[in-house]
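Engineer: Under the working numbering, the first residue of the sequence shown is numbered 797, with each subsequent residue one higher. Ideal Cβ placement from N, Cα and C applies to all residues, glycine included. The structure under discussion is supplied below as structure tokens; questions concerning it will follow.
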Amino acid sequence: MTAERQTGAAVREQLARTPRAQRRAALEAFVSREFKQALLMTDADELPLDENYFDLGVTSLRAVELRQRIEEQLGCELDTSVLFGLSTVRQVADHLVSVVLPDAVVPRRREPEDAPGPSPELQRQVSDLIADLYES
797 MTAERQTGAA
807 VREQLARTPR
817 AQRRAALEAF
827 VSREFKQALL
837 MTDADELPLD
847 ENYFDLGVTS
857 LRAVELRQRI
867 EEQLGCELDT
877 SVLFGLSTVR
887 QVADHLVSVV
897 LPDAVVPRRR
907 EPEDAPGPSP
917 ELQRQVSDLI
927 ADLYES
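Below, the structure written as structure tokens:
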């Protein structure tokens, strides 16, 4: 990715030009780049896709910023609780594939150990917590 941030239309257009079978990998690479940037990693650094990104150094403020950047670049809405309820880069990419952009990509096969997405109750609690933080 260039130093310039791509617009939502550009990222979606790039995904559309990518063969459908390769779009999931392209979306996962996009999400990985965003997390690497948030963690101040270089392109050469390896980001573990299945490790908890909060354990890697993502803070709650960074998570909210990540959500905003992902929304802007993909031109979609991402519930705040997703980044708090799902804790790995792979889980976020899976969520984007299955919920946010289901028609754009071919989803990967789910492994038995893959955790389901956050419950509606957890989503509500996290949304309330974020709202309280911004009101303070």
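Please report how far the alpha carbon of leucine 879 lies from the alpha carbon of valine 888, in whole angstroms.
Structural biologist: Those two C-alpha atoms are separated by around 7 Å.
Engineer: Whole angstroms is fine: what's the gap from threonine 855's alpha carbon to leucine 835's?
Structural biologist: So the alpha carbons of these two residues sit roughly 9 Å apart.
Engineer: For leucine 823 and serine 877, which I take to be in contact (beta-carbon distance under 8 Å), what is that distance rounded to the nearest angstrom?
Structural biologist: Actually they do not touch by this definition, with Cβ atoms about 20 Å apart.
Engineer: Determine the direct distance from the alpha carbon of glycine 853 to that of aspartate 846, and round the result to whole angstroms.
Structural biologist: When rounded, the distance between both Cα atoms is 14 Å.
Engineer: Taking only three categories from DSSP, how would you classify alanine 840?
Structural biologist: Three-state DSSP puts alanine 840 in coil, outside helix and strand.
Engineer: Less than 9 Å between the beta carbons of arginine 820 and valine 893, yes or no?
Structural biologist: Result yes, Cβ atoms of arginine 820 and valine 893 sit closer than 9 Å.
Engineer: Taking the CB atoms as reference points, tell me whether phenylalanine 826 and leucine 870 lie closer together than 9 Å.
Structural biologist: Contact: yes.
Engineer: What's the C-alpha gap between arginine 920 and proline 844?
Structural biologist: Each residue's alpha carbon lies about 28 Å from the other.
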